[in-house]
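A.B. asks:
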Ligand code: GDP
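Residue numbers (full-length UniProt numbering): 1 to 491.
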């Protein structure tokens, strides 16, 4: 028989759910023989299937310390086949819970996140916050109000094999009362939001990203741990073809009145990297050996591209250096294209601005935008590495863009924007099928990655995705960072 463990902090509603699932007869009788002190077993009835419920009641006794909760949870989970991790929907997601959840997930057992106390429609909004956990198996329920338990029961039912179907004479006297989902209609839903002027414009673009509907929430793809060190350490690749002024820019950046550090505690710094500290952030210019030894990179196209690729692998930001005093070349485009491929944050540095003809200034910037469309998200800075003009501005731009690249948009805010966007332009149907977006959640940073959870992922046309991207870029500052989407089927 499958064993189910209900795990979570005190007072989240574990025992209420436990009592709901347990067969009444067993709840009255004493515990089964052979149970341990912390974990007792009762029979659970899931529709017509039977399972064992591990009594994790001990979790609530003298368990104010999370370490203790964790220890007991792991113990119970170890014995279980199916884990229900329960949290209180009235609170906010907590890092400790997330970490423990991931640890339990790593056990490779069936595990669901049960967000309890979603007692009314208003509370449903709170549920969004918990999508941060990055799991598909998430259920917002109210045990005490008996709301929305159907999906959870469905999920449990599916995890229990048919061989555990109870023979008729054993059928339980207790049934779990199931309630239909009381989802509000589209009309009601949309009416909650104010009307906006419709500009009737959907953003069309040629290039289509891949629509993926595979699981975004695999072991490696779950939300990355928030790591401050990551955010405080920016690895920057200065790239561009020969003679655009990369070495001059590096020197100008290092020469500014800032401490150049050769070693920082706790980090190994590659001698070919150069690191400075600026406003408490480490700025490491990666793989600068070739730039330090001037003119050593000869402009053989293939070699230049290969080297650039290597540099970008070690970086999370690229400074794409262009020579404003000369026409742009195909090689410029090819090199810049690598930034796009590597999903890096980016600044376009239009160098040699001192010798670019004044009357051409506007034209040059327009040309950059035309030719480097795939870097539309990158800001352009015009400067002179030689004279040092505006080089000092570049440091702050780098920090700003790193912030944008590292930010996490709360799920509720994200969905406010998506809901508004959906209201302005309803999703077009596909072959007569209604396409629905249920919600969106950011599941990764650096760069920000957003999952759009929907009924038919393939139905998210790229023009509509383009439109959503633009709406998100209007609402949040994603300057300098790519924004990635995955359309995902609700599991
Ligand atoms: P790299 O091959 O990209 O590293 O380019 P370098 O930094 O070696 O610069 C190539 C040439 O352009 C050198 O002669 C530099 O002095 C010159 N140069 C670099 N930046 C500027 C600039 O902003 N203005 C002007 N006028 N010349 C520059």
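Beta carbons: idealized from backbone N, C-alpha and C, even for Gly.
For residue 284, is the beta carbon positioned less than 8 Å from some heavy atom of ligand 1?
C.D. replies: Sequence index remark: in the chain shown, residue 284 carries index 284 (1-based). Outside the cutoff, so no.
A.B. asks: Which whole-angstrom value describes the C-beta separation of residue 288 and residue 233, a residue pair presumed to lie in contact below a C-beta threshold of 8 Å?
C.D. replies: As a position in the chain shown, residue 288 is number 288, starting the count at 1. As a position in the chain shown, residue 233 is number 233, starting the count at 1. Not confirmed; about 16 Å, so no contact.
A.B. asks: Quick one, which of 93, 252 and 373 has its alpha-carbon nearest residue 351's?
C.D. replies: If you number the chain shown from 1, residue 351 lands on position 351. Answer by Cα proximity: 252.
A.B. asks: State the Cα-Cα distance for the pair residue 402 and residue 93, rounded to the nearest angstrom.
C.D. replies: The residue labelled residue 402 in the question sits at position 402 within the chain shown. The residue labelled residue 93 in the question sits at position 93 within the chain shown. One C-alpha to the other measures close to 25 Å.
A.B. asks: For residue 389, which three-state DSSP category applies?
C.D. replies: Locating residue 389 in the chain shown gives position 389, where the first residue counts as 1. Residue 389 falls in the coil class under three-state DSSP.
A.B. asks: What is the rounded straight-line gap between the Cα of residue 416 and the Cα of residue 386?
C.D. replies: What you label residue 416 is simply residue 416 of the chain shown in a count that begins at 1. What you label residue 386 is simply residue 386 of the chain shown in a count that begins at 1. Cα to Cα, the separation comes out at about 47 Å.
A.B. asks: Within 10 angstroms of the Cβ of residue 332, are there 16 or more other Cβ atoms? Answer buried if so, exposed if not.
C.D. replies: For the purposes of this step, residue 332 is identified with residue 332 of the chain shown, where counting begins at 1. So residue 332 counts as buried.
A.B. asks: Would you say residue 115 and residue 150 are within 9 Å of each other, going by their C-beta atoms?
C.D. replies: As a position in the chain shown, residue 115 is number 115, starting the count at 1. As a position in the chain shown, residue 150 is number 150, starting the count at 1. In this structure, residue 150 does not lie closer than 9 Å to residue 115 by Cβ.
A.B. asks: With a Cβ-Cβ cutoff of 9 Å, do residue 405 and residue 469 count as a contact?
C.D. replies: Start at 1 with the first residue of the chain shown, and residue 405 comes out as number 405. Start at 1 with the first residue of the chain shown, and residue 469 comes out as number 469. No; because the gap between Cβ atoms is not below 9 Å, this pair is not in contact.
A.B. asks: Over the uninterrupted beta strand (DSSP E) stretch that includes residue 444, give me the two end residues.
C.D. replies: Taking the first residue of the chain shown as position 1, residue 444 is located at position 444. Its beta strand (DSSP E) spans residues 437–444.
A.B. asks: Are the CB atoms of residue 137 and residue 111 nearer to each other than 9 Å?
C.D. replies: Start at 1 with the first residue of the chain shown, and residue 137 comes out as number 137. Start at 1 with the first residue of the chain shown, and residue 111 comes out as number 111. For residue 137 and residue 111, yes; Cβs fall inside 9 Å.
A.B. asks: From this set, 83, 81 and 90, which residue's C-alpha is nearest residue 11's C-alpha?
C.D. replies: To locate residue 11, count along the chain shown from 1; it is residue 11. Among 83, 81 and 90, the Cα nearest to that of residue 11 belongs to 90.
A.B. asks: Measuring from the CB of residue 357, is there a heavy atom of ligand 1 at a distance below 8 Å?
C.D. replies: Within the chain shown, residue 357 is the residue found at index 357, counting from 1. False, no ligand heavy atom lies under 8 Å from that Cβ.
A.B. asks: What ranges does the alpha helix (DSSP H) occupy inside the region 300–355, keeping only unbroken runs of at least 4 residues that lie completely in it?
C.D. replies: List check, alpha helix (DSSP H) in window: 301–313 and 330–341.
A.B. asks: Quick one: measure Cβ to Cβ for residue 343 and residue 448, integer angstroms, because I've assumed they're closer than 8 Å.
C.D. replies: Walking along the chain shown from the start, residue 343 turns up at place 343. Walking along the chain shown from the start, residue 448 turns up at place 448. About 10 Å; that fails the 8 Å criterion.
A.B. asks: Give every residue of the same chain whose Cβ lies closer than 8 Å to the Cβ of residue 464, excluding the five residues on either side of it in the sequence, and list them in chain order.
C.D. replies: As a working note, residue 464 is residue 464 in the chain shown. Only 202, 425, 427 and 428 meet the Cβ criterion.
A.B. asks: Leaving aside the five residues before and after residue 441 along the sequence, list all residues of the same chain whose C-beta is less than 6 Å from its C-beta, in chain order.
C.D. replies: Indexing the chain shown from 1 puts residue 441 at position 441. The answer, listed in chain order, is 131, 411 and 451.
A.B. asks: Under 8 Å, with one C-beta from each stretch per pair, do the region 314–321 and the region 235–242 reach the 3-pair mark?
C.D. replies: Short answer: they touch.
A.B. asks: What are the boundary residues of the alpha helix (DSSP H) that residue 551 is part of?
C.D. replies: In the structure as shown, the chain begins at 1 and stops at 491. Residue 551 is therefore absent and cannot be evaluated.
A.B. asks: Determine, using beta carbons only, whether residue 134 and residue 123 come nearer to each other than 9 Å.
C.D. replies: The count along the chain shown starts at 1 and reaches residue 134 at position 134. The count along the chain shown starts at 1 and reaches residue 123 at position 123. Their beta carbons are not under 9 Å apart, which means residue 134 does not touch residue 123 by this criterion.
A.B. asks: Could you tell me whether any non-hydrogen atom of ligand 1 is closer than 8 Å to the CB of residue 385?
C.D. replies: Within the chain shown, residue 385 is the residue found at index 385, counting from 1. Within the cutoff, so yes.
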